[in-house]
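Engineer: Please find one structure pasted underneath; my questions will follow.
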Amino acid sequence: MNFNNLLKSIFDYDPDGPNIHHLMAVHGYSRMIAQAENVDEHTLFITEAAAYLHDIGVKVSKEKYGNSQPQHQEAEGPIIARELLACHNLPAEDVERICFIIGHHHTYKAIDGIDFQILVEADFIVNLMEGYCKRGSIPAMKENIFKTETGKYLLEQMFEKSAR
């Protein structure tokens with residue numbers, strides 16, 4: 578799959594600058610964590626695709642519900658993701674996995690694999706940087722959400738050490 582074509586589809590669908598910045602940042606951290614955790618190529622692909630598409634439901638959620646609350650993103654995102662992925666000739670199981678992650682990326686009890694885990698950690702890191710999460714919640718995140726050594730390391734380096 579050519580990620581450049583997927584990105585063009587995403588940008589055409591929702592050209593909102595802050596949303597694009599967010600997904601690019603989440604993708605970058607997802608890729609970094611995945612590579613540092615030595616995931617296989619297929620897992621890296623799923624992780625990257627899910628990172629690019631994880632918030633694809635924001636636009637329609639705002640239009641349909643007047644907000645982009647997590648439950649709305651999770652409901653609407655997979656529908657749009659399937660449409661955007663349809664022309665990329667991916668195996669059905671890959672599309673389903675990507676859409677599962679998108680449809681649950683705010684449901685932390687649903688984390689069922691390293692691909693999903695990495696996306697959640699990357700999204701938290703970016704949300705912290707963008708001010709969408711309170712820094713006071715970092716200890717609880719570190720204990721309850723973050724599982725990869727790389728994600729924990731980034732959290733410590735970027736937030737805990739810089740707060741001292």
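For the sequence shown, the positions run 578 to 741 when my numbering is used. Glycine included, C-beta positions come from ideal geometry on N, C-alpha and C.
Just tell me which of N579, A699 and S714 has its CA closest to the CA of F622.
Structural biologist: N579
Engineer: Mind pulling the alpha helix (DSSP H) runs of 4 or more residues that sit fully within the region 598-680?
Structural biologist: 618-630, 635-642, 647-662 and 669-679
Engineer: For G708, name the three-state secondary structure that DSSP assigns.
Structural biologist: coil
Engineer: What first and last residue would you give for the alpha helix (DSSP H) that runs through S586?
Structural biologist: F580 to Y590
Engineer: Counting only the same chain and skipping the five closest in sequence on each side, list residues whose C-beta sits under 8 Å from that of Y642.
Structural biologist: H649
Engineer: Quick one: grab the DSSP three-state call for D692.
Structural biologist: helix
Engineer: My guess is that H599 and D632 are in contact by the Cβ rule of under 8 Å, so how many angstroms apart are they, rounded?
Structural biologist: 6 Å
Engineer: Just how far apart, CA to CA, sit E698 and S607?
Structural biologist: Whole-angstrom Cα-Cα distance: 8 Å.
Engineer: Would you call the CB atoms of H604 and A627 closer than 7 Å?
Structural biologist: no
Engineer: Using alpha carbons as the reference points, say which of I610, L630, I675 and A602 lies closest to S586.
Structural biologist: L630
Engineer: For K686, which of helix, strand or coil comes out of DSSP?
Structural biologist: helix
Engineer: Select from N596, E625, L667 and R712 the residue whose C-alpha is nearest the C-alpha of M609.
Structural biologist: E625
Engineer: Is it true that the CB of Y685 sits closer than 7 Å to the CB of I715?
Structural biologist: Their beta carbons are not under 7 Å apart, which means I715 does not touch Y685 by this criterion.
Engineer: Between the region 720-735 and the region 699-709, do at least 3 Cβ pairs fall closer than 8 Å?
Structural biologist: Taking 8 Å as the limit for Cβ pairs, the verdict is that the region 699-709 does touch the region 720-735.
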